[in-house]
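Engineer: In my numbering, the protein residues as written are 227 to 409.
Note that CB positions come from ideal geometry on N, CA and C, so glycine has one too.
To start, I am sharing the structure in question, which I have written as structure tokens.
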Amino acid sequence: MFNKLIASMLPYLPKKLIWIFSKSYISGESVDDAIRVSGELNTRNIKVTIDILGEFIESLHEAEVNKLEYLSLIDTAYRSGIDGNFSAKPTSFGLHIDKEVCYRHMREIVARAASYNGFVRIDMEDSPCTTKEIELFRKLKKEFPSNVGLVLQAYLKRTLDDLKSLCDLNSEETPLSIRLCKG
Numbered sequence: 227m228f229n230k231l232i233a234s235m236l237p238y239l240p241k242k243l244i245w246i247f248s249k250s251y252i253s254g255e256s257v258d259d260a261i262r263v264s265g266e267l268n269t270r271n272i273k274v275t276i277d278i279l280g281e282f283i284e285s286l287h288e289a290e291v292n293k294l295e296y297l298s299l300i301d302t303a304y305r306s307g308i309d310g311n312f313s314a315k316p317t318s319f320g321l322h323i324d325k326e327v328c329y330r331h332m333r334e335i336v337a338r339a340a341s342y343n344g345f346v347r348i349d350m351e352d353s354p355c356t357t358k359e360i361e362l363f364r365k366l367k368k369e370f371p372s373n374v375g376l377v378l379q380a381y382l383k384r385t386l387d388d389l390k391s392l393c394d395l396n397s398e399e400t401p402l403s404i405r406l407c408k409g
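Printed below as a string of structure tokens:
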């Protein structure tokens, strides 16, 4: 309950105030910041997950812009020798606007990461997104079995059933990659 209250207030808080609390988790505001900090962490043998923040867009134009930004980020990171993977929120690519457009954008992102033998994890968002995000993951996992994973929220009552329903995608050659978050 408290977490939802805080989350609902975020759009109204000054960015500088949010930055004070989030700076230990966020590398910066630009791709250059992400690459620089990721490289520094890699020199300490720390593998990174890179995510572009922003979700719940309002237009397909924003979805296209976000997709292009991710494609550029993936190219830049791998060409810079970054040891890490990517995390992506489907609502950033139009999940609530047009599920098929979201799929095409996410497919292009996973395909780009796969071209570098990379990996993209689909972040789980609000519980109303869960079913759509699991469907998206299923489609992508079939085409890119080693290059896509999923986050599930541990606190949702449905999570154990969701996890069991995904077991058919697991194999020795391409294990299922699931990360549980508190949710």
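Measure the beta-carbon distance from LYS358 to LYS390 and round it to whole angstroms, keeping in mind my assumption that it falls under 8 Å.
Structural biologist: The pair is not a contact, with the Cβ atoms about 19 Å apart (cut-off 8 Å).
Engineer: Following the continuous alpha helix (DSSP H) through ASP387, name the residue where it begins and the one where it ends.
Structural biologist: Where ASP387 is concerned, the enclosing alpha helix (DSSP H) stretches over 385–392.
Engineer: Drop a sphere of 10 angstroms on the beta-carbon of CYS407, count the other beta-carbons inside from all chains shown, and report buried for 16 or more, exposed for fewer.
Structural biologist: Per the 10 Å Cβ criterion, exposed.
Engineer: Is the distance from the Cβ of SER353 to the Cβ of LEU382 below 8 Å?
Structural biologist: In this structure, LEU382 lies closer than 8 Å to SER353 by Cβ.
Engineer: Considering only C-alpha positions, which residue in the set TYR342, GLY254 and LEU386 is nearest to ILE300?
Structural biologist: Comparing Cα-Cα distances from ILE300 to each of TYR342, GLY254 and LEU386, the minimum goes to TYR342.
Engineer: Would you mind sorting CYS355 into buried or exposed? The rule is 16 or more other CB atoms within 10 Å of its CB.
Structural biologist: Counting Cβ neighbours within 10 Å, CYS355 comes out buried, since at least 16 surround it.
Engineer: Identify, in the order they occur along the chain, each residue of the same chain with its Cβ nearer than 6 Å to the Cβ of ASP349, setting aside the five sequence neighbours on each side.
Structural biologist: Closer than 6 Å at the Cβ level, and outside the excluded window around ASP349, lie SER313, LYS315 and VAL377.
Engineer: Taking the continuous beta strand (DSSP E) assigned at SER313, which residues delimit it?
Structural biologist: Run containing SER313: 310–314, per the beta strand (DSSP E) assignment.
Engineer: Rounded to whole angstroms, what's the CA-CA distance from ARG270 to ILE308? Just pull it up for me.
Structural biologist: Distance between the alpha carbons of ARG270 and ILE308 is about 12 Å.
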